[in-house]
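Undergrad: Letter by letter, the sequence shown follows residues 0 to 217 of numbering that gives the first Met the number 0. Handing you this structure, nothing more for now.
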Amino acid sequence: MNGMYKYPIVYRGSDAAKVFMEVATKEAEKIEYLYSNKKPMIPLTKEQQDANASSTRCYICGGNFTKEDWKVRDHCHLTGVYRGPAHNSCNLKFKVPNFLPIIFHNLYGYDSHLFIKELGNDNYDINVIPENTEKYISFSKKISKRFSIRFLDSCRFMPSSLEKLAINLKSDQFRNVRSFISDDKVSLLIRMGCFPYDYVSDVEKLNDTCLPPQREIL
Numbered sequence: 000m001n002g003m004y005k006y007p008i009v010y011r012g013s014d015a016a017k018v019f020m021e022v023a024t025k026e027a028e029k030i031e032y033l034y035s036n037k038k039p040m041i042p043l044t045k046e047q048q049d050a051n052a053s054s055t056r057c058y059i060c061g062g063n064f065t066k067e068d069w070k071v072r073d074h075c076h077l078t079g080v081y082r083g084p085a086h087n088s089c090n091l092k093f094k095v096p097n098f099l100p101i102i103f104h105n106l107y108g109y110d111s112h113l114f115i116k117e118l119g120n121d122n123y124d125i126n127v128i129p130e131n132t133e134k135y136i137s138f139s140k141k142i143s144k145r146f147s148i149r150f151l152d153s154c155r156f157m158p159s160s161l162e163k164l165a166i167n168l169k170s171d172q173f174r175n176v177r178s179f180i181s182d183d184k185v186s187l188l189i190r191m192g193c194f195p196y197d198y199v200s201d202v203e204k205l206n207d208t209c210l211p212p213q214r215e216i217l
C-alpha cells in the first residue's frame with residue numbers, strides 16, 4: 000500500500016497456525032485503523048483543476064460522462080491525493096475494502112484445516128463458503144464489528160500452475176518480488192522448491208544446523 004511492505008516473518012513450531020493467526024490479526028487491526036482514518040482531498044493544483052474540467056472520460060472505466068452518471072473528483076482516502084475525474088457510480092465502488100485478504104496456494108486442498116480450528120477463540124463471527132464438509136472455497140473471520148480477515152485460495156484465481164506462470168515472466172518482471180528479495184535469491188524463489196518430506200519426519204528435524212544428505216532432497 001503506497002510502497003509500504005513488511006519483510007517476511009519466519010516461525011516454526013507445532014503452534015505455527017496459532018501464531019500465524021495472532022500475527023495476522025494484529026496486522027488486520029493496524030490496517031483497519033489506517034482505513035478508518037480517512038483524509039480529506041488535498042486541494043487541486045491549477046493544472047489538476049484544468050485537466051479535471053476538460054476531461055470527458057472516467058479515468059477508472061474509460062466511459063463518457065453523462066447526465067445520469069456525472070463527473071466527480073476521486074481521491075485516495077488514505078493519503079488525500081487527487082486521482083482523477085470519475086463517474087459518480089465508479090467513485091462509489093472504488094473504496095477501500097472492509098477485510099484483509101490472506102492468499103494461500105492450495106488453501107482449498109489442505110492448508111485450510113490448519114487454521115479453521117484456530118478461528119473460534121472469541122465471540123466474533125466466522126463465515127465459511129464450503130464445497131463439501133472437507134473442502135472450503137473461502138472462509139473469513141471477524142476481528143471487529145466492521146473488519147474481517149478473509150482467506151482465499153490463489154488456485155481459484157490463476158489460469159495455470161505457479162511453475163508455468165513463473166516461466167511466462169522474465170526475471171526482470173518480478174518487480175514486487177525484487178522489492179524485498181535480493182537479486183541473488185530471486186531465481187531460487189521463482190522455481191519449483193525442494194523439500195525433504197521423508198527426512199523431516201518430526202518437528203525436531205527443523206532444528207538441524209546443517210542440510211540433510213543430498214539423497215534426502217532429490
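For glycine and all other residues, C-beta sits at the position ideal for the given N, C-alpha and C. Keep in mind it's a predicted model, so treat the numbers as computed, not measured.
Are S153 and Y135 touching if we call contact CB-CB under 7 Å?
TA: It is not a contact, given that the beta carbons lie outside the stated cut-off.
Undergrad: Take every Cβ of the segment 97-108, pair it with every Cβ of the segment 21-38, and state whether three or more of those distances are shorter than 8 Å.
TA: Yes, the segment 97-108 is in contact with the segment 21-38.
Undergrad: Suppose the cutoff is 6 Å on Cβ atoms and the five residues either side in sequence are ignored; what does the same chain contact list for C89 look like?
TA: Cβ neighbours of C89 beyond the five flanking positions: C57, I59, C60.
Undergrad: Would you say the segment 116-126 touches the segment 136-149, given that touching needs at least three Cβ pairs under 8 Å?
TA: These segments touch.
Undergrad: On a CA-only basis, which of Q213, K70, S160 is nearest M191? Give me that one, please.
TA: The shortest C-alpha separation from M191 is found at S160.
Undergrad: Buried or exposed, going by whether 16 or more other CB atoms sit within 10 Å of the CB of K70?
TA: The residue in question, K70, is buried, as its Cβ has 16 or more Cβ neighbours within 10 Å.
Undergrad: How about the segment 11-23 and the segment 38-51: do they share at least three Cβ pairs that are nearer than 8 Å?
TA: Not touching, per the Cβ criterion.
Undergrad: Starting from F138, trace the beta strand (DSSP E) in both directions and tell me its first and last residue.
TA: 135-141 is the extent of the beta strand (DSSP E) around F138.
Undergrad: Would you mind sorting H104 into buried or exposed? The rule is 16 or more other CB atoms within 10 Å of its CB.
TA: Result: exposed.
Undergrad: Output needed for Y81: all residues of its chain with C-beta closer than 7 Å, excluding positions within five of it in sequence on either side, in chain order.
TA: M40, I41, L43, Q47, R72, H74, listed in sequence order.
Undergrad: Just grab the DSSP bridge partners of K70 for me.
TA: H86, per the DSSP bridge assignment.
Undergrad: So the beta strand (DSSP E) D152 belongs to, where does it begin and stop?
TA: Where D152 is concerned, the enclosing beta strand (DSSP E) stretches over 147-152.
Undergrad: Need the endpoints of the alpha helix (DSSP H) that I102 sits in, please.
TA: Segment 98-103 is the beta strand (DSSP E) holding I102; no alpha helix (DSSP H) there.
Undergrad: Verify whether the separation of the beta carbon atoms of A16 and L113 is less than 7 Å.
TA: Their beta carbons are under 7 Å apart, which means A16 touches L113 by this criterion.
Undergrad: To the nearest angstrom, how far is the alpha carbon of K184 from that of I101?
TA: Taking the straight line joining both Cα atoms gives about 24 Å.
Undergrad: Have a look at the DSSP bridge pairing and note the partners of R56.
TA: R56 pairs with N63.
Undergrad: Quick one, are the C-beta atoms of P84 and N51 less than 7 Å apart?
TA: Yes, they are a contact pair.
Undergrad: On a Cα-Cα basis, can you pick out the residue from D182, S186, I148, T78 that is closest to A165?
TA: For A165, the nearest C-alpha among the options comes from S186.
Undergrad: So, under 8 Å CB-CB, P195 and I216 are touching, yes? Tell me the CB distance rounded to an integer number of Å.
TA: Indeed they touch by this definition, with Cβ atoms about 5 Å apart.
Undergrad: Should S178 go down as buried or exposed, given a rule of 16 or more other Cβ atoms within 10 Å for buried?
TA: Classification for S178: exposed.
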